[in-house]
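K.L.:
When the letters of the first sequence are read in order and numbered with the numbering used here, they come out as residues 309 to 799. To start, I am sharing the structure in question, which I have written as structure tokens.
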Amino acid sequence: MTKGITKKSEDYAAWYNDIVKKADLAENSPVRGCMIIKPNGFAIWEKMQSAIDKMFKDTGHANVYFPLLIPKSFMSKEAAHVEGFAKECAVVTHYRLKNADDGSGVIVDPEAKLEEELIIRPTSETVIWSTYKKWIQSYRDLPLLLNQWTNVVRWEMRTRLFLRTTEFLWQEGHTAHATKREAIDETLKMLDVYVAFAEKYMAMPVLKGVKTETERFAGAVDTYCIEALMQDGKSLQLGTSHFLGQNFARAFDVQFATKEGNLEYVWGTSWGTSTRLIGALVMAHSDDNGLILPPKLAPIQVVIVPIYKKPEELVDIRKVVEQMKSQLQDKDISVKFDDRDTYKPGWKFAEYELKGVPVRLAIGPRDLENGTVEVARRDTLEKSVISLEGVVLHVQNLLTDIQENIYRKALKFREENTRRADTYDEFKEILVERGGFVLAHWDGTKETEEKIKSETMATIRLIPLQPDKEKGKCIYSGKPSDYRVVFAKAY
RNA sequence: CGGGGCGUAGCGCAGUCCGGUUAGCGUAUCUGCUUUGGGAGCAGGAGGCCGCAGGUUCGAAUCCUGCCGCCCCGACCA
Numbered sequence: 309m310t311k312g313i314t315k316k317s318e319d320y321a322a323w324y325n326d327i328v329k330k331a332d333l334a335e336n337s338p339v340r341g342c343m344i345i346k347p348n349g350f351a352i353w354e355k356m357q358s359a360i361d362k363m364f365k366d367t368g369h370a371n372v373y374f375p376l377l378i379p380k381s382f383m384s385k386e387a388a389h390v391e392g393f394a395k396e397c398a399v400v401t402h403y404r405l406k407n408a409d410d411g412s413g414v415i416v417d418p419e420a421k422l423e424e425e426l427i428i429r430p431t432s433e434t435v436i437w438s439t440y441k442k443w444i445q446s447y448r449d450l451p452l453l454l455n456q457w458t459n460v461v462r463w464e465m466r467t468r469l470f471l472r473t474t475e476f477l478w479q480e481g482h483t484a485h486a487t488k489r490e491a492i493d494e495t496l497k498m499l500d501v502y503v504a505f506a507e508k509y510m511a512m513p514v515l516k517g518v519k520t521e522t523e524r525f526a527g528a529v530d531t532y533c534i535e536a537l538m539q540d541g542k543s544l545q546l547g548t549s550h551f552l553g554q555n556f557a558r559a560f561d562v563q564f565a566t567k568e569g570n571l572e573y574v575w576g577t578s579w580g581t582s583t584r585l586i587g588a589l590v591m592a593h594s595d596d597n598g599l600i601l602p603p604k605l606a607p608i609q610v611v612i613v614p615i616y617k618k619p620e621e622l623v624d625i626r627k628v629v630e631q632m633k634s635q636l637q638d639k640d641i642s643v644k645f646d647d648r649d650t651y652k653p654g655w656k657f658a659e660y661e662l663k664g665v666p667v668r669l670a671i672g673p674r675d676l677e678n679g680t681v682e683v684a685r686r687d688t689l690e691k692s693v694i695s696l697e698g699v700v701l702h703v704q705n706l707l708t709d710i711q712e713n714i715y716r717k718a719l720k721f722r723e724e725n726t727r728r729a730d731t732y733d734e735f736k737e738i739l740v741e742r743g744g745f746v747l748a749h750w751d752g753t754k755e756t757e758e759k760i761k762s763e764t765m766a767t768i769r770l771i772p773l774q775p776d777k778e779k780g781k782c783i784y785s786g787k788p789s790d791y792r793v794v795f796a797k798a799y
């Protein structure tokens with residue numbers, strides 16, 4: 309029925325790529341690893357942005373913009389930070405091109421070499437903290453709660469549309485506080501913002517926790533994260549929130565005068581989430597017919613398809629549809645009336661299913677006679693015929709129901725794919741046969757974590773924030789452990 | 001960087017092993033007619049530096065050499 313989408317069960321990676329491309333979300337760019345986000349994909353990002361941005365504003369944050377280019381020297385200020393990002397920085401070395409003497413095209417003008425090379429931001433801690441030094445003198449300047457929506461570049465070895473691209477869009481929050489407690493509270497507060505966004509908007513249940521030292525952000529004291537399970541049993545990190553301690557304050561000498569007149573280093577946080585979220589939507593919810601979007605993030609929530617033979621019939625249909633459309637719009641529902649006569653109804657049905665529009669209304673002569681409309685929901689593909697009078701209320705309820713149903717389905721999937729392992733054999737068997745989250749005891753050492761990773765490909769996704777106390781033995785070393793951590797293969 | 005696959009019409013592909021008419025199919029596109037409640041049918045048309053550069057040959061999409069690019073699977077990471 310659906311043209312050209314690889315079955316999810318046959319080849320998950322191909323299925324994912326097919327949906328991204330066929331649903332017109334994005335395509336590859338002329339530069340390897342970069343992506344062109346198409347209108348359909350960008351509209352989803354815009355919905356995400358506006359919801360998240362509102363949550364940031366509601367928690368007292370303001371937006372700013374720091375530049376794309378960062379002096380190379382800034383990168384070396386914080387030791388762990390350089391260590392983490394140096395390998396994947398794109399560097400600007402020249403500022404001019406010229407025509408080659410042999411006419412072979414343009415070349416970099418060797419005369420135009422920069423005195424200090426610039427790096428394209430892989431993240432903005434360095435430039436922001438170098439500026440915070442100027443902005444912060446007193447406890448009265450704190451807290452400083454800023455965020456920016458930008459692009460960043462990280463030269464990745466292997467890329468996948470949305471999930472990992474060389475350039476990606478994201479938001480990065482950077483805050484500065486007078487006390488450690490306040491910075492930690494901020495870190496956790498923003499983590500909870502991400503949890504709320506994922507669950508309420510993306511209809512995606514997430515686990516939240518803290519990363520192990522190995523997985524920690526370069527330069528952070530603690531990295532918190534939310535992780536969601538994709539349909540192939542792999543985990544995807546959807547957002548991170550870092551407690552930076554005084555690391556960047558020390559690196560950039562950001563001190564403030566306390567009420568008592570002492571000079572102290574500022575406490576910092578940073579937190580981010582990216583266009584990867586779009587990849588998560590695809591991988592967590594969609595099916596072999598295409599994209600399935602949660603209504604709250606769907607650029608078009610309801611599409612209306614007219615069915616008619618003669619142009620006169622469309623005239624009558626249009627009258628009914630226009631009224632219905634404006635009633636729906638009055639309820640803040642985004643509606644598209646697809647009255648193009650260049651495509652047939654069946655074609656449109658398939659197309660909107662592919663693109664994940666949550667609700668489709670079809671109306672034809674038969675409906676006009678009966679005062680009805682056909683309603684189809686994308687998540688279950690169910691169709692029903694309802695009376696025209698009740699359509700607005702019905703659609704409102706349906707959108708809510710779809711949002712909840714997608715969430716329930718994802719939650720059920722996660723629950724069915726979260727298992728406990730008490731021995732290493734059991735652990736390996738689960739990962740090989742089923743995937744998913746595996747809760748297991750760990751002795752807390754980097755060495756054990758590394759061994760398990762190299763032997764099974766699974767990593768510790770997170771340590772729960774309030775783990776259930778349970779005496780046990782590390783599945784690898786047999787050493788005592790007080791609680792289970794969450795393992796999974798990850799993107 | 002390793003392993004695998006692939007570059008032929010906008011997209012998807014066949015043809016390459018074994019060189020030989022005018023390079024073909026599906027789909028999309030354009031024209032016309034018929035159609036329209038699940039990706040319509042028929043007829044006609046247009047669309048190609050066969051990835052690039054050399055070489056072998058009377059003759060190369062096909063054989064040889066070199067290069068470039070893309071995708072997938074790993075190692076690094078949001």
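Glycine included, each C-beta is placed from N, C-alpha and C at the ideal position.
1) If we call anything under 9 Å between Cβ atoms a contact, is Ala331 one with Gly664?
2) Between the alpha carbons of Ile694 and His702, how many angstroms are there, rounded?
3) Using alpha carbons as the reference points, say which of Asn455, Arg340, His369 and Lys355 lies closest to Leu605.
4) Should Met309 go down as buried or exposed, given a rule of 16 or more other Cβ atoms within 10 Å for buried?
5) Which of the three DSSP states is assigned to Lys736 in this structure?
6) Beta-carbon separation of Gly689 and Glu661 under 9 Å?
7) Enumerate, from N- to C-terminal direction, the unbroken alpha helix (DSSP H) stretches of 4 or more residues contained entirely within the segment 602-641.
8) Could you name the residues of the same chain whose beta carbon sits closer than 6 Å to that of Glu425, not counting the 5 residues immediately before and after it, in chain order?
9) So if DSSP puts Asp530 in a beta bridge, which residue, or which two residues, is it bridged to?
10) Got a sec, what are the start and stop residues for the beta strand (DSSP E) Tyr830 sits in?
11) Check Arg558 in the structure and name its three-state DSSP category.
12) Label Ser543 either buried or exposed according to how many other C-beta atoms from any shown protein chain fall within 10 Å of its C-beta, with 16 as the threshold for buried.
13) If you measure between the beta carbons of Lys644 and Ile615, is that distance less than 9 Å?
14) Distance check for Ile444 and Arg489, CA to CA, integer angstroms please.
15) Residue range of the beta strand (DSSP E) that Ile344 falls in?
16) Identify which residue in Ala766, Tyr784, Gln563 and Glu778 has its Cα closest to the Cα of Val794.
17) Of the choices Lys787, Lys797 and Phe556, whose alpha-carbon is the least far from that of Tyr440?
18) Can you check which of these residues, Phe551, Val629 and Leu377, is closest to Thr680 by C-alpha distance?
19) Grab the span of the alpha helix (DSSP H) containing Ser578 for me, first residue to last.
20) Looking only at its own chain, which residues have a Cβ that is under 7 Å from the Cβ of Thr314, when we skip the five neighbours before and after it?
21) Along the beta strand (DSSP E) that carries Asn459, what are the first and last residues, could you check?
22) Taking contact to mean at least 3 C-beta pairs separated by less than 8 Å, is the segment 577-586 in contact with the segment 473-492?
23) Can you tell me where the beta strand (DSSP E) holding Arg769 begins and where it ends?
24) Pick helix, strand or coil for Ser432, following the three-state DSSP scheme.
25) Touching or not, the segment 751-761 and the segment 509-522, by the rule of three or more beta carbon pairs under 8 Å?
26) Can you give the Cα-Cα distance for Trp353 and Arg448, rounded to whole angstroms?
27) Tell whether a beta-carbon distance below 9 Å holds between Tyr573 and Val590.
28) Within a Cβ cutoff of 7 Å, which residues of the same chain sit near Ile778, ignoring the five residues on either side of it in sequence?
29) Applying the criterion that 16 or more other CB atoms from any shown protein chain within 10 Å of the CB defines a buried residue, is Val339 buried or exposed?
30) Going by DSSP in three states, Asn348 sits in which element: helix, strand or coil?
31) What residue range does the beta strand (DSSP E) around Ser381 cover?
32) Could you give the distance in angstroms between the alpha-carbon of Gly301 and the alpha-carbon of Leu405?
33) Sorted by chain position, which residues of the same chain lie with C-beta nearer than 6 Å to Arg558's C-beta, five sequence neighbours on each side aside?
34) Here's the rule: buried if 16 or more other CB atoms are within 10 angstroms of the residue's CB, otherwise exposed. What is Leu422?
35) Apart from the five residues just before and just after Glu494, which ones in its own chain have a Cβ nearer than 6 Å to its Cβ?
P.N.:
This is what the structure holds:
1) In the first sequence, counting from the first residue as 1, residue 331 sits at position 23. In the first sequence, counting from the first residue as 1, residue 664 sits at position 356. Contact flag set, yes.
2) Walking along the first sequence from the start, residue 694 turns up at place 386. Walking along the first sequence from the start, residue 702 turns up at place 394. Their Cα atoms are separated by approximately 8 Å.
3) The residue you call residue 605 lines up with position 297 of the first sequence. Per the Cα distances, Lys355.
4) Taking the first sequence and counting its residues from 1, the one referred to as residue 309 is at position 1. Since pLDDT at Met309 reaches only 38, below the 50 mark, its modelled position is unreliable, and the value read off the structure follows with that caveat. Its Cβ having fewer than 16 others within 10 Å, Met309 is exposed.
5) Translated into positions along the first sequence, residue 736 becomes position 428. Three-state result, Lys736: helix.
6) As a working mapping, residue 689 is identified with position 381 in the first sequence. As a working mapping, residue 661 is identified with position 353 in the first sequence. One point to set straight first is that residue 689 is Leu, not Gly, in the sequence displayed. In contact: Leu689 and Glu661 (Cβ atoms closer than 9 Å).
7) 619-638
8) Within the first sequence, numbered from 1, the residue matching residue 425 stands at position 117. Excluding sequence neighbours, Glu425 sits near Lys380, Val399 and Thr401.
9) Your numbering for residue 530 matches position 222 in the first sequence. Its beta-bridge partners are Phe551.
10) This structure cannot speak to residue 830, because the chain is shown only from 309 to 799.
11) Within the first sequence, residue 558 is the residue found at index 250, counting from 1. Looking at Arg558 - three-state DSSP - the assignment turns out to be helix.
12) Position 235 of the first sequence, counted from the first residue, corresponds to residue 543. Ser543 should be labelled buried.
13) Looking up residue 644 in the first sequence gives position 336. Looking up residue 615 in the first sequence gives position 307. Their beta carbons are not under 9 Å apart, which means Lys644 does not touch Ile615 by this criterion.
14) Locating residue 489 in the first sequence gives position 181, where the first residue counts as 1. Locating residue 444 in the first sequence gives position 136, where the first residue counts as 1. Going by the C-alpha atoms only, they are around 19 Å apart.
15) For the purposes of this step, residue 344 is taken as residue 36 along the first sequence, with counting starting at 1. Here the beta strand (DSSP E) through Ile344 covers Met343 to Ile345.
16) Within the first sequence, numbered from 1, the residue matching residue 794 stands at position 486. Among Ala766, Tyr784, Gln563 and Glu778, the Cα nearest to that of Val794 belongs to Ala766.
17) Taking the first sequence and counting its residues from 1, the one referred to as residue 440 is at position 132. If we check each option's Cα against that of Tyr440, Phe556 comes out closest.
18) Translated into positions along the first sequence, residue 680 becomes position 372. Ranking the options by Cα distance to Thr680, first place goes to Val629.
19) Here residue 578 refers to the residue found at position 270 of the first sequence. Counting along the chain, Ser578 falls outside any alpha helix (DSSP H), though it belongs to the beta strand (DSSP E) covering Trp575 to Ser582.
20) The count along the first sequence starts at 1 and reaches residue 314 at position 6. Excluding residues within five positions, the ones whose Cβ falls inside 7 Å are Ala322, Trp323 and Asp326.
21) Residue 459 sits at position 151 when you count from the first residue of the first sequence. It spans Leu452 to Val461 - the beta strand (DSSP E) in which Asn459 sits, taken as one unbroken run.
22) yes
23) As a working note, residue 769 is residue 461 in the first sequence. Element bounds for Arg769: Thr767 to Pro772.
24) In the first sequence, residue 432 corresponds to position 124, counting from 1. In the structure shown, Ser432 sits in coil (DSSP, three-state: anything other than H, G, I, E or B).
25) yes
26) Looking up residue 353 in the first sequence gives position 45. Looking up residue 448 in the first sequence gives position 140. Answer to the nearest angstrom: the Cα atoms are 36 Å apart.
27) In the first sequence, the residue the question calls residue 573 occupies position 265. In the first sequence, the residue the question calls residue 590 occupies position 282. No, Cβ-Cβ distance for Tyr573 and Val590 is not below 9 Å.
28) Against the first sequence, residue 778 aligns to sequence position 470. A small fix is needed here, since residue 778 is Glu in this sequence, not Ile. Excluding residues within five positions, the ones whose Cβ falls inside 7 Å are Tyr791 and Arg792.
29) By 1-based counting over the first sequence, the position of residue 339 is 31. Exposed: under 16 other Cβ atoms inside 10 Å.
30) Counting from one through the first sequence, the residue named residue 348 turns up at place 40. Helix.
31) Walking along the first sequence from the start, residue 381 turns up at place 73. Taken as a continuous stretch (DSSP letters only), Ser381 belongs to no beta strand (DSSP E), as it is neither H nor E.
32) There is simply no residue 301 to check, as the chain begins at 309 and stops at 799 in what is shown.
33) Mapped onto the first sequence, residue 558 falls at position 250. Only Tyr573 meet the Cβ criterion.
34) Within the first sequence, residue 422 is the residue found at index 114, counting from 1. Under this definition Leu422 is an exposed residue.
35) Residue 494 sits at position 186 when you count from the first residue of the first sequence. If we look at Glu494 and ignore the five residues flanking it on each side, its Cβ neighbours are Thr483 and Thr577.
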